[in-house]
Every structure is written in structure tokens, then in C-alpha cells.
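Residue numbers (our numbering), protein chains in the order written: chain Z, 2 to 486; chain V, 2 to 476.
One structure below.
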């Protein structure tokens, strides 16, 4: 009987071993997978029950978790200046996902990032509830406020970068939204608010500076083309091109005109410098054809076109089209046809010119601070590359200063400061209203800020709105806000 | 204490065995010392068990409501009084009983009460509505019945005399819920009888009666069962007339499966029978035959009975949306696993998880609730306690002096082991989910009463092991 009993004991032990193994598998090895399951409401509960770290601008919280005694969840996410910062913070919801910084740094904010493992362990030992880390942004509240006020009721975006470091000082996208409506605990009202925002034809949920449908850069692209021409060594600022009033595109019925509908200035030929100052299309169409698709595409890439970028939100890569015929290449040379950009990309082009040709990695992150005030992350400024030489950058800067001082971007002038700038009025085909641009930086000799402003729907004036009239003053106010700091 | 011993009919036998008769004083000294040691060890462990319970209730309060109130006294002291009462009874009526069994049962029972109380807080249940209060009341009843069992069954051999009565009682209790009028269907299984003020699962008691019957029947019939029969394909098959009881039990198990719609209970009865049959007769062929019968029956059931088929689908494809959303599908299982994952290695801490998301978190899925808040560490501790409890039962099987007692102990211990395996295995996806209760932990009066009777019987059996000299040579 004992032999049989021993065998039964072994079988019984095997049964228990199976349980030791199965519980270990579920509680240790499959944990990540189970937690990531969208049907796992505990993950949501956890994210609402932990004290989520704040998002700070200049040391002040723009998003923070406050205790919610009435609710099943311990904390409520509150945004102090919702409309001003929504494009940056994004939103934090129960079950509609998170966007912006809330989404990109979710791990750090909830305190579950790998870097915070020791803190979690410490909190466990001391019996404290784990707290998330604070994310401090590079945004300058004065600049952000100035940009937002300058935009008023216009639809569009503003982004300002510190050229030497890549720090993003302002990121405004209008119309904005109120993330407080989405972080509420009442799921029904959150879904209603979300649906409403989602169905809004003005797309308030989209951060226009880095994503969305992108824009034709129009004449602001000429800065890149001029830089490419000069940097290639094949042209100088004084290189000349024929100066007709109209240019027939090869193999096409279409005709290119300058915005004045006449020739570019008075002469029979025109320099690149003049063409940029007066923002003429015909000379740039000819310059682009002379440079060729390969060269233009190469320089566009050097400035960041087509590259994945995270600031930390993912930025939709801007696009310079390939496989162009001559007509398409000529249209592309002044930012039409199929060139599509984000405002951030155009700010990067200007920041690189401003920074002696050196392109810095743009970022919103100043630092991540643990609850015990130790610093988890503080990225150093990172060089992406040098798209053009210092000499090229200086030459282009001079041309851009001229465009503001004596050219078509006159409304960006600031008393006592050299502003480098370029306007753009992009056509969207047919009768569609223009997209109005201003890009530039200041002071020209020691740039502290580069800016890109884009206004949709012609600023409400259809095809009669001008970029110098509407976009340039906004750019000016942003530049001034930085210079007055 | 020894003065109360003469009531025990075995006393004389022990004293008489010394070669020259010892003096009265000497015999008392010898007899007092060892048992007192055992009982003192038990007392120490009991205090620890009660401490664990009190600490668990306190942590629940701190974790879930952030303050301490009188409940801790109600639960901790209530369980403590009951346990100490039983301890005193053991000192008097079974001083040589195993010192680990009672503390293990009390610890598990206390942890269960604490977790059920924690779920009451989450669900906002108070007073007689709350599962915790009712569980505590049932614990009191169950332990009182266990004490009564210890007092009534002074010698387990008497039980062997009632084996056929036990069979009738066992099968009767098993099939009782099928009677129209009193039978009740809860959560799809027809396992309950409605006794007016409360419902009861007679099958829980029935399994003990069946264990008694199997032990009694197999001890007498083992010779004919193991020696006689034709050999087919290297397996000795039983004679037709010896096959009778096996077929009866198989039919009863299948009846449970089909009519009471409960795969787990069916598996428990049949598994219990096979193990006891094997231990008694040493015939592996019987186990093979029995298992084939059961697996065959279960396979047919999975094809023809939608609920069995659903259980299999929910087991193998638990995470498929179709099964997850199906009525009686894998929602509960998957949510339980989410809970376990939430607990991870060390758990969320008592009162700080969300075990109440899982349906039946206080009964069928209490192990998921405990796993979430106590973590893998806690589950290992709980599983360890079960292993220890089962091992103490098997130990009686190894060391016992009479085959009936040994077989009964093995059967009772295996009931505990198999229940644990079927329930926790179901919750952790080792086997399809079925509706058994986790011994001592899960909310439910019938289960508590049954398991405390098992504890009482194991204590009684272990007392006889130590209490008697090992004169009987192993066969």
C-alpha cells in the first residue's frame, strides 16, 4: 500500500507543481502582456489611482493630478490653462487614449518607466503610493502666451525654436480645445466631448505644428532653395536669371507668374538676392531647374525632410516629392506642386540658418524630475547635422534680413533689431483660400529665436489675404516676446 | 489532563505494552510529556494563525478604508475563540493529534474571511448582507460541527461499520439537488438545496460520506478486486460482479455532470474514487479503465452539452473576443488573470487592488482576489499551506496502523488536494474552469462545514497514529 501511496503522493505533488508554475507564469512572465490587453480596466484604474506627475512650464504646473474624493478614482487630471497648452499637453482620458506629452511621457508621468524602477521599489518598502515624475518643458510661457494672443481667432499654428539648442519655446495650434473635458471621470460625458471634438470640421484635436494634413510651404521654401543653390557652390547670391513677366512651363499649358504679375524688379535679369527679397517665383523656378531634383531633394533631406522625428510627440515627416518632370520641379522650387511641410520643419530650416548652418534636434523636454526631486532625464542639446556651411548660412541670413528691411516681409521689422524673415503665400489650387506664412529669426547677428507662423484659409480673406499683412505681424510679436526676455 | 483520559478506550493498551509494567507515576510522565509538547506547539502555531488573521483584517481596513475599527476584534477574536475552543477539545480528546492541521486550517479560514471582508467593503455590503459576516457565522457553525465530530467519533474504526450507510447517504446527498421542489440552480449548476432560510450544497458533505464508504468497501473487497479477473492486453480486468460499485460511482459522477451541470464536482468524486481504488488494490489497470471511462464521458459531454463545450472553448481560447463576450464565456477567467497580473510578484497590498471587478471574486475566484492583493508570494504561501495539509494527511496514510484509517486519511487529504487543483488550476488556465470551491478560503457554508469535518477526521486519525505502538507490520 505504501508504494501506491508514494505514487499518489508524486501525482499530487505534480498537481501542486502545476499550480506553482501556472501562477508564476501569470503573475511574473505574462504580466506585461496581460496589462497591455485593452480589456484590462485595471490598467486604467491604476493610471487614475496613482498620483500622476505634473507637466511643468517654467516651474508651474499646466497639468496636474488633484485628489478627487467624490470619485472612484483617486485623482483627477486638471489643466490650468487648457486652451493655451492643449496642443502641447495633449489630453489624458480614461479610455480614449492619451496624446501629446501626456501620451509620449505616460510611463514617466505614471511612474512606471524603467528608469523609475528603484523608486517604485522604494515606495513599496516605505508603503507610499508610487508617484509619477514631473515633466518640465522647454516652453517659455511668455512666448507661448504672445503667440496664442497674436493668433487670435485665426486658424493655424505657430512654433518657435531656440536655434542654438533646439528648445521649443512656443507651440501653438488653433483652434485649441479643453482637455479638462476629456480627463473627467464620467465616461459618457467624456465620450460625448470627444466625439464633438473629433467631428469638429476645424480639427481642434490636431496639433498643426507637427501633424495633420501639412501645408504647401509656398515662398518660405525659397530660403531652402537659395541656401541649396549657394551651398552647392554652383551659384552665388548674385547669380542672375532671365526676368520675364511670365514663364511657360515646359510641356504644359500652365504659366508661372510672380506675385506682382509683372517681372521681378526692373532689369532684364534678376539676382537670387533680389528674387528672394521680392519673393519672385519665375527666377526660383529657373534656379530650381538648374539645380536639379537630386540637389534639391538632398538639401531638403539635410534640413530634416523625410526623417522621423520625436519632440517627444511624433512629427509627421515633411516631404519633397521625387520623380519630377521639369514643370513639377519648377513648381516645387517655390514650394508648390507636392511639397508638404509641417510648421516645425520650416522653423527647423530657419533655426539651422540662424545657427550657422547647424541643425539642432528640436525638443519640448527640459527635464524629468522624480518625486524626490532627483533628475531622471535632462537631455543635452543634440546636433542633427550641418545642412549648409556657415558661409552659406551667413549669406542667406543677409538676404533674409534684406527681405524684411527692404522687401516683401516689411511688417516683421522690429525697431533696433535686424530681423531675418521670409513670407509665403501658398496656393491650394483653384479658388481655395491661400495659406499664409511667415518664417524667420532674430536678432540676425546673434539669433535667439526662429519662428514659423502658418495661417489657414487666407486668414479669413480668401485669396486676397497677404502673408505680410497677416502672418508677418504675428511672427514679429513672437520674436519680440523672446527678445524682450 | 490525564485524569480525563480513562474515557478513552485505548488508554489501557498503551500502558500495558511496556515489558515490565511501569509504575503509575512513570506511565503518566511518559504519556503527558509528548502530547503536551504537540499541543503546546499547536497552541503556538494557532496564536500565529490568529495573528495572521488579525493582521490581514487590519491591513484590509487600512488599505481599503484607511482606518481601523472594531471589525478586527469581531473577526480576529471570533476566529481565535473558536480555534482555542477546538484546541482545548483536542487536548482532552485527541492529545496526540497532528499539531499542524488545525493551525493550517485556521490560517486559511482567516485569510479567506479577511479577503471576503475586503470584498464586502468594495461592494459596500454591510450587516447580514455581507459575505464576511455570513462566512464568520458559517465558520463558527463549521468549527462547532468539527468539535462535535471529534467528540462523537472517538474511534474512527466505528465508521467502517457504517460503510454501506455512508454509500447511501453519499449518493443520496449527491443526487438530492435533483429532487424537484428543493433543488436549486445557482450560476447554471444544480448543486444546491433550498432549506428555507439558506441554501446548502449537500454534495459537499456527500463527498466525505463517499470517502468513508470507499475506504470501508475497498478494505474488505481489495483482495477479490486485486487478485481475480481476466488478463487482457497485459491488464488484469476485474470480474463483472466486482465491477458493480465502480460502475455505480461512474454513473453517479456522470449524472452529476449531466443533470447538475457541474464538471468539477463530477471530477472530484471520480478522482477520489480512482485514487482510493488504486491505493487499496495497487491495480493500475483500474485507474486506466476508470480514467478512460471518465474522459470518454467528458468528451461526449463536451460535444453534446453546450455548457461543457463552452467551458472548453473558454479555456483554450480564453482571450478570443468571441469567447470573452459569450454568455458563460471566458470574461470571468480573463478578468481573474488580469487581477493576478495586477498583483504581480508581491501584490498590490490588501485593500489596494481591484479584485471586485471579477465576478464571484469572494467564492469561485477568491484565489484570484488573494493573488492580486498578496501577489505570487502570497499565493505560494497559500499553496504551501495546502501542500503541508495534504502531506499531513498522506502521512497518516503512510504511518497509520489500520488499513481503513490509512485509506480514509488518504481519501480525505486527496479531496483537499484535488479541490485545490481543480479550482486554482481552473482559475490559472491549467484545466477548464469548473465550479468547485477553494477549501477554507472561499465564501460558502457547505464547503466550510465539509472541510472542517475533514479536518476533524484527519485530527482524529492522526491521534490514533501517534497514540498506538507500531506493532502491526506493514503488509
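Virtual Cβ for every residue (Gly too), placed ideally from N, Cα, C.
Delimiting residues of the beta strand (DSSP E) encompassing residue i
i	result
residue 439 of chain Z	436-443
residue 172 of chain Z	169-175
residue 378 of chain Z	376-378
residue 425 of chain Z	421-427
residue 368 of chain Z	366-370
residue 157 of chain Z	157-162
residue 455 of chain Z	450-456
residue 359 of chain V	That residue, residue 359 of chain V, is in no beta strand (DSSP E); it is neither H nor E in DSSP.
Integer-rounded CB distance, given that residue j should sit under 8 Å from residue i
i	j	result
residue 394 of chain Z	residue 277 of chain Z	In fact, because the Cβ distance is near 14 Å, the residues do not count as touching under 8 Å.
residue 427 of chain Z	residue 284 of chain Z	Not quite, the Cβ-Cβ distance comes to about 18 Å (not below 8 Å), so this is no contact.
residue 415 of chain Z	residue 437 of chain Z	Their Cβ separation, rounded to whole angstroms, is 20 Å, which puts residue 415 of chain Z and residue 437 of chain Z out of contact at 8 Å.
residue 281 of chain V	residue 408 of chain V	6 Å
residue 343 of chain Z	residue 210 of chain Z	7 Å
Alpha-carbon spacing of residue i relative to residue j, whole angstroms
i	j	result
residue 70 of chain Z	residue 442 of chain Z	49 Å
residue 308 of chain V	residue 262 of chain V	8 Å
residue 30 of chain V	residue 37 of chain V	Low local confidence applies: a pLDDT of 44 at residue 30 of chain V is under 50, so the model's placement there is unreliable, and no value is given.
residue 296 of chain V	residue 303 of chain V	10 Å
residue 451 of chain Z	residue 102 of chain Z	22 Å
residue 289 of chain Z	residue 133 of chain Z	52 Å
residue 358 of chain Z	residue 388 of chain Z	6 Å
residue 209 of chain V	residue 87 of chain V	20 Å
residue 129 of chain V	residue 116 of chain V	17 Å
residue 367 of chain Z	residue 159 of chain Z	20 Å
residue 426 of chain V	residue 314 of chain V	16 Å
residue 410 of chain V	residue 276 of chain V	12 Å
residue 137 of chain V	residue 164 of chain V	33 Å
residue 369 of chain V	residue 5 of chain Z	34 Å
residue 107 of chain Z	residue 320 of chain V	26 Å
residue 28 of chain V	residue 96 of chain V	Here the model assigns residue 28 of chain V a pLDDT of 47, short of 50, so the residue's position is not dependable, and the following value carries that caveat. Rounded to the nearest angstrom, the two C-alpha atoms are 15 Å apart.
residue 449 of chain Z	residue 67 of chain Z	37 Å
residue 81 of chain Z	residue 63 of chain Z	5 Å
residue 91 of chain V	residue 41 of chain V	11 Å
residue 248 of chain V	residue 223 of chain V	16 Å
residue 477 of chain Z	residue 421 of chain Z	11 Å
residue 356 of chain Z	residue 259 of chain Z	30 Å
residue 60 of chain Z	residue 140 of chain Z	11 Å
For residue i, three-class secondary structure by DSSP
i	result
residue 409 of chain Z	coil
residue 234 of chain Z	coil
residue 64 of chain Z	strand
residue 374 of chain V	helix
residue 218 of chain V	helix
residue 270 of chain V	helix
residue 517 of chain Z	This structure cannot settle anything about residue 517 of chain Z, because the visible part of chain Z is limited to 2 through 486.
residue 477 of chain V	Here chain V has residues from 2 to 476 only, and residue 477 of chain V is not among them.
residue 463 of chain V	helix
residue 243 of chain Z	strand
residue 454 of chain V	helix
residue 33 of chain V	With a pLDDT of only 44 at residue 33 of chain V, under the threshold of 50, the placement of this residue in the model should not be trusted, and no figure is reported.
residue 49 of chain V	helix
residue 415 of chain Z	strand
residue 272 of chain Z	strand
residue 462 of chain Z	coil
residue 53 of chain Z	coil
residue 200 of chain V	strand
residue 395 of chain Z	helix
Endpoints, alpha helix (DSSP H) assigned at residue i
i	result
residue 119 of chain V	102-124
residue 388 of chain Z	First-last for residue 388 of chain Z: undefined, no H or E at that position.
residue 481 of chain Z	468-484
residue 425 of chain V	404-428
residue 341 of chain V	332-344
residue 40 of chain Z	Counting along the chain, residue 40 of chain Z falls outside any alpha helix (DSSP H), and DSSP gives it neither H nor E.
residue 24 of chain Z	3-25
Contacts of residue i in chain B (Cβ-Cβ under 7 Å)
i	result
residue 36 of chain Z	This model lacks chain B altogether; the protein chains it does include are Z and V.
> Where are the alpha helix (DSSP H) runs, 4 residues long or more, that stay fully inside the region 67-153 of chain Z, in chain order?
Replying inline: 83-90, 101-105, 107-111, 118-127 and 142-152
> Where are the alpha helix (DSSP H) runs, 4 residues long or more, that stay fully inside the region 274-328 of chain Z, in chain order?
Replying inline: The region 274-328 of chain Z is shown to contain whole alpha helix (DSSP H) runs of 4 or more residues at 282-292 and 294-303, in chain order.
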